[in-house]
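Q: A single structure is presented below for examination.
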Amino acid sequence: MNTYDKNNIFARILKGEIPVKKITEGHDFLSFYDAFPKAPLHALVIPKGAYANWFDFYEKASQEEIIGFHNGINQTIEILEIKETGFRIISNQGANGGQEIPHYHIHILGGKKLGPMI
Ligand code: AMP
């Protein structure tokens, strides 16, 4: 599971091969709107480094990248203006988690009351 597929969709987005509706980006992260939103506001935040999942990121990324990525999550929340109304952060991992794209990412969902967690 930790073998990184260099042609996964998010890798191709980072290479500029697939267009996205960008929210913001920094040295270590890119955030953009999910192409198939599951809520009125559905953003994705991805690290720019080649990490397949959370463990890959946590074990291999530098402290600077880890902090930069989390700053990216915070910046995205600020831009979406959902700090006061609330939101949900999800990160699907592996088969049981339902991860479809093997590049580490988190989902930020908001814009309405989201209901039960699952
Ligand atoms: P996951 O199931 O956690 O791997 O989530 C992958 C997410 O990527 C899904 O919510 C998809 O709707 C989203 N997605 C797939 N292709 C694209 C794309 N080209 N641009 C933006 N979001 C995408």
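First residue of the sequence shown: 0, per numbering that gives the first Met the number 0; consecutive thereafter. No residue lacks a Cβ here, since even glycine has one placed at the ideal position from N, Cα and C.
Cutting at 7 Å between CB atoms, please list the residues of its own chain near G67, excluding the five before and the five after it.
A: The answer, listed in chain order, is G25, H26, D27 and F28.
Q: Can you tell me whether A42 is buried or exposed? The criterion is at least 16 other CB atoms within 10 Å of its CB, across all chains shown.
A: The residue in question, A42, is buried, as its Cβ has 16 or more Cβ neighbours within 10 Å.
Q: Does the beta-carbon of N73 have 16 or more other beta-carbons within 10 angstroms, so that it is buried, or is it exposed?
A: Looking at its Cβ environment, which holds fewer than 16 other Cβ atoms inside 10 Å, N73 is exposed.
Q: For the alpha helix (DSSP H) that contains E77, what are its first and last residues?
A: Run containing E77: Q62 to L79, per the alpha helix (DSSP H) assignment.
Q: Could you tell me the alpha carbon to alpha carbon distance between M0 and K112, rounded to whole angstroms?
A: For M0, the predicted model reports a pLDDT of 49, less than 50, meaning its position is unreliable and no value from the coordinates is stated.
Q: Distance check for I107 and I88, CA to CA, integer angstroms please.
A: Between I88 and I107, the C-alpha separation is close to 5 Å.
Q: If you run the structure through DSSP and keep just helix, strand and coil, what is Y50?
A: Y50 falls in the coil class under three-state DSSP.
Q: Among G97, G110 and H102, whose alpha-carbon lies nearest the alpha-carbon of I117?
A: Closest option to I117, Cα to Cα, is G97.
Q: What is the DSSP secondary structure of F9, counted as helix, strand or coil?
A: F9: helix per DSSP, three-state reduction.
Q: Using the C-alpha atoms, what's the distance from F86 back to F9?
A: Near 23 Å, if we compare the C-alpha coordinates of F86 and F9.
Q: Hey, Y3 and A49: beta-carbon distance below 8 Å or not?
A: For Y3 and A49, yes; Cβs fall inside 8 Å.
Q: Less than 7 Å between the CB of A94 and some heavy atom of the ligand NAD, yes or no?
A: Ligands in the displayed structure: the ligand AMP; the ligand NAD is not one of them.
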